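S.K.: First the structure, then my questions, so here it is.
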Amino acid sequence: MEVLEMLAQRLTAKEIAGDLFISERTVKRHTANIYQKLGVHSRQQAVASATYLGILDNTTP
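Residues 1 to 61 in this note's numbering are what the sequence shown spells out, letter by letter.
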């Protein structure tokens, strides 16, 4: 959930990794899993889908 919220904030994988104290590769794996679960192929689609489904709040910056 944190990774998805940070994707919505337009942070890079490197920035997310630094904020969460995990590797960039782990962030990319989490991102790929998010895309698969939502049935999407891009960050924009993931954020839009998660917002539509109520997973993300519309007010996320």
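The beta carbon of each residue, even a glycine, is placed where N, CA and C say it ideally should be.
Because the structure is a prediction, the values reported are computed rather than measured.
Whose C-alpha, out of 23, 25, 22, 34, is nearest the C-alpha of residue 7?
M.R.: 34
S.K.: From residue 41 to residue 32, what does the alpha carbon distance come to, in whole angstroms?
M.R.: 9 Å
S.K.: Name the two residues that bound the continuous alpha helix (DSSP H) containing residue 6.
M.R.: Per DSSP, residue 6 belongs to the alpha helix (DSSP H) from 2–8.
S.K.: What did DSSP end up calling residue 60 once you bin it into helix, strand or coil?
M.R.: Note that residue 60 scores a pLDDT of 49, beneath 50, so its modelled location is shaky; the value from the coordinates is reported in the next line. Here residue 60 sits in coil by DSSP.
S.K.: Verify whether the separation of the beta carbon atoms of residue 38 and residue 27 is less than 9 Å.
M.R.: No; because the gap between Cβ atoms is not below 9 Å, this pair is not in contact.
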